[in-house]
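Residues 1199 to 1616 (this note's numbering) make up the sequence shown, in order.
For every residue, glycine included, the Cβ atom is placed at its ideal position computed from N, Cα and C.
Nothing here was measured: the structure is a model prediction, and the numbers come from that model.
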Amino acid sequence: MVPKLRIAVVGGGIGGLAAALALTRKGHEVRVYEQAPELREAGVGMHLGPNGSRLLERWGLGERLRALGVRPAGMEVRDWSHGGTLVRQPMGEEWLAEFGAPYYTIHRADLHTMLAESLPSGTVRAGHRLERFTETGGGVRLEFADGSTAGADVLIGADGAHSVVRRTLAGPDTAVFSGQSAFRGVVARDQVPGLPGDTLLVWAGPDARMLVYPVRGGRFLTFVAVVPDPRWRLESWSAPGDLDELAARFDGWNTDVKSLVAAVRESRRWALYDREPLARWSAGAVTLLGDAAHPMLPHHGQGVSQAVEDAAVLAHCLDAPTGPDPSASVSAASAPAAAAASVPAARRAIAAALDAYEGVRRPHTTRVQLGSRGGGSQRLRPDEDGTESTGTMSSLVEDVSWIQRHDAEAGLPPLPPP
């Protein structure tokens, strides 16, 4: 019998819930501590690449993904001015055959709810904002803003780019501003009947880019409008976006884009930042996951899939003996000494497991994180004269096929014998 761990996950976003599900499936006792008074996910649509969906399918979520997500039939690059299609790349079944798992576009709230409902009742504790933690010989002690405390064998910081756990482990860091910001929102497709409900659309203009894709069965379209603006530096997912400014940014574009913008009733705007890759994620019994470990720009559409990959690898690495078999018989006289002697070995085993997790994941996520800074699959390739007038687009498959094809559970280091 392998002793199971008490694991505290700080942060109840998609990354934290994915970690909780992966670890719960291994039999560990998991508690997720979320600072918000209730568990809910803000935001709009998101991309779930084959590298993420293959893992969620293994966790038994394939049927719900098919019900709630959309598998785009194709991706089209359209001209920003006249609106004509410049490039169409089939997706759907072709991508399933190419990468071995589906590509989905899905509303963030739908995926978040799906993960939350897959966890045992009582796993998530809302209203718990972490203030500090300390590691002792017996584990990790967490202290929350309301004065409550908790103990765990392992602490996982999944608390986003502004992570308290990250700051404690690595010290303060400086956000790296891309010089761009993004408007985002959702529009009912019946408000823009000229746009398809099964296609990922990209319009790349001289000073902005519009990305549109379906969610919730194609009944709604998520839009993300990326614009250069060195003045807008608010790194917030919830800051309102000015609709008049959004309309002004796309004045003079084709009728489809202008119709879409005219249909927007609410938008959020966030400045696009990331951070420099960390040299270490882990110390002792504490580690990082998702945006807390590797906040990245959205141009590869990989933020969520990378967090799911983190969760799968972390659960594998922690699925190992961390101390003596608790069912083993120990005489009454020797029990206290045996228990004391087991603590250092157990702590060393946990630290080694977290080092193994970091050793697998950090080189991979660093490559994805830095690659996202280039704009990735949404960059237009200049023509021979240096212009981008033809709108030729680097193939999404060519640019990021190594990410989409990656199976985070393949080739993992073997676990030590029990």
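| field | Member of Leu-1470, Arg-1447, Arg-1387, Asp-1508 whose CA lies at the smallest distance from the CA of Leu-1552 | value | Per the C-alpha coordinates, the member of Leu-1470, Arg-1447, Arg-1387, Asp-1508 positioned closest to Leu-1552 is Asp-1508.
| Residue(s) in a DSSP beta bridge with Phe-1381 | Phe-1381 is bridged by DSSP to Ala-1423, Arg-1467.
| task | Compare the C-alpha of Pro-1412 against each of Ala-1386, Ser-1436, Leu-1328, Val-1424 and name the closest. | result | The shortest C-alpha separation from Pro-1412 is found at Ala-1386.
| message | Is the separation between the beta-carbon of His-1280 and that of Gly-1499 shorter than 8 Å? | response | In this structure, the beta-carbon distance from His-1280 to Gly-1499 does not fall below 8 Å.
| What separation, rounded to the nearest whole angstrom, lies between the Cα atoms of Thr-1563 and His-1492? | Their Cα atoms are separated by approximately 7 Å.
| What is the C-beta distance between Pro-1438 and Arg-1463, in whole angstroms, given that I count them as a contact (C-beta under 8 Å)? | With a Cβ gap of about 12 Å, Pro-1438 and Arg-1463 do not count as contacting.
| message | At 4 residues or longer, what runs of the alpha helix (DSSP H) sit wholly inside the segment 1292 to 1370? | response | Whole alpha helix (DSSP H) segments, 4+ residues: 1306 to 1315, 1362 to 1368.
| message | Output needed for Gly-1584: all residues of its chain with C-beta closer than 8 Å, excluding positions within five of it in sequence on either side, in chain order. | response | Reliability of the predicted coordinates at Gly-1584 is poor, the pLDDT of 37 falling under 50, and no value is obtained from them.
| task | Would you mind reading off the limits of the alpha helix (DSSP H) that contains Pro-1391? | result | Unbroken run through Pro-1391: none, as it is neither H nor E.
| task | Identify the continuous beta strand (DSSP E) that holds Ala-1206 and give its terminal residues. | result | Per DSSP, the unbroken beta strand (DSSP E) holding Ala-1206 starts and ends at 1204 to 1208.
| said: Using CA atoms only, rank isn't needed, just tell me which of Ala-1220, Gly-1415, Val-1338, Gly-1450 is closest to Arg-1264. | reply: Of the candidates Ala-1220, Gly-1415, Val-1338, Gly-1450, the one whose C-alpha sits nearest the C-alpha of Arg-1264 is Gly-1415.
| request: Starting from the C-beta of Glu-1333, find all residues in its chain whose C-beta is less than 7 Å away, skip the five residues before and the five after it, and write them out in chain order. | output: For Glu-1333, where only same-chain residues beyond five positions count, the Cβ hits under 7 Å are Gly-1482, Ala-1483, Val-1484.
| query | According to DSSP, is His-1245 helix, strand or coil? | reply | The answer is strand: DSSP assigns His-1245 an E or B state.
| Residue range of the alpha helix (DSSP H) that Thr-1222 falls in? | Looking at the DSSP string, the run of the alpha helix (DSSP H) that includes Thr-1222 is 1212 to 1223.
| task | Could you tell me if Glu-1232 is buried or exposed, where buried requires 16 or more neighbouring beta carbons within 10 angstroms of its beta carbon? | result | Buried is the call here.
| request: Rounded to whole angstroms, what's the CA-CA distance from Val-1506 to Pro-1496? Just pull it up for me. | output: Separation of Val-1506 and Pro-1496 (C-alpha to C-alpha, rounded to the nearest whole angstrom) is 16 Å.
| Which residue from Ser-1599, Ala-1307, Ser-1316 puts its Cα closest to that of Glu-1296? | Looking at the Cα atoms, Ser-1599 is the closest of the given residues.
| Closest to Asp-1405 by CA distance: which of Gly-1450, Thr-1283, Gly-1392, Glu-1607 is it? | Of the candidates Gly-1450, Thr-1283, Gly-1392, Glu-1607, the one whose C-alpha sits nearest the C-alpha of Asp-1405 is Gly-1450.
| message | Could you compute how far the alpha carbon of Val-1390 sits from the alpha carbon of Gly-1290? | response | So the alpha carbons of these two residues sit roughly 23 Å apart.
| task | Go ahead and label Ser-1436 buried or exposed: buried means 16 or more other beta carbons lie within 10 angstroms of its beta carbon, across all protein chains shown. | result | Taking every protein chain shown into account, the CB of Ser-1436 has fewer than 16 other CB atoms within 10 angstroms, so this residue is exposed.
| query | How long is the line joining the alpha carbons of Lys-1224 and Ala-1402, rounded to whole angstroms? | reply | If I take the Cα positions, the gap works out to 45 Å.
| request: Enumerate in chain order the residues of its own chain whose CB-to-CB distance from Pro-1270 is below 8 Å, with the five nearest sequence positions on each side excluded. | output: Around Pro-1270: Met-1289, Gly-1290, Tyr-1301, Thr-1303, Asp-1396, Thr-1397, Leu-1398, Tyr-1411, Pro-1412.
| field | Distance, Pro-1611 Cα to Gly-1267 Cα | value | C-alpha separation (whole angstroms): 32 Å.
| Buried or exposed: where does Gly-1609 fall if 16 or more other Cβ atoms within 10 Å of its Cβ makes it buried? | By the C-beta density criterion, Gly-1609 is exposed, having fewer than 16 other C-beta atoms within 10 angstroms.
| request: Specify the secondary structure class of Ser-1376 as computed by DSSP and reduced to three states. | output: Three-state DSSP puts Ser-1376 in a strand.
| message | Runs of 4 residues minimum, wholly inside the segment 1426 to 1505: which ones carry the alpha helix (DSSP H) assignment? | response | Listed in chain order, the alpha helix (DSSP H) runs fully inside the segment 1426 to 1505 are 1441 to 1447, 1453 to 1461, counting runs of at least 4 residues.
| field | Buried or exposed (CB count within 10 angstroms, at least 16 for buried), Thr-1347 | value | Exposure of Thr-1347 is indicated by the presence of fewer than 16 other C-beta atoms within 10 angstroms of its C-beta.
| message | Here's the rule I'm using: 16 or more other beta-carbon atoms within 10 Å means buried, otherwise exposed. How should Asp-1442 be labelled? | response | Of the other Cβ atoms in all chains shown, fewer than 16 fall within 10 Å of the Cβ of Asp-1442; this residue is therefore exposed.
| field | 6 Å CB neighbourhood of Leu-1516 in its chain, flanking five on each side removed | value | So the list reads Ala-1551, once near-sequence residues are dropped.
| task | Could you spell out the range, first to last residue, of the alpha helix (DSSP H) harbouring Leu-1610? | result | It is not in any alpha helix (DSSP H) - Leu-1610 carries neither H nor E in the DSSP assignment.
| Between the C-alpha atoms of Pro-1580 and Thr-1420, what's the straight-line distance to the nearest angstrom? | Note that Pro-1580 has pLDDT 35, beneath the 50 cutoff, so the model's placement of it is unreliable and no number is given.
| When you compare only the Cα positions, how much space is there between Arg-1429 and Glu-1261? | If I take the Cα positions, the gap works out to 44 Å.
| query | In this structure, does DSSP put Arg-1286 in helix, strand or coil? | reply | Strand at Arg-1286.
| Cβ pair Val-1362, Arg-1473 closer than 8 Å | Contact: no.
| field | Reference Leu-1259, options Pro-1475, Thr-1372, Ala-1220, Gln-1378, closest by Cα | value | Checking every option, the nearest Cα to that of Leu-1259 belongs to Ala-1220.
| task | Compare the beta carbon distance of Gly-1250 and Val-1425 with 8 Å and say whether it is the shorter of the two. | result | The answer is no: Cβ separation not under 8 Å.
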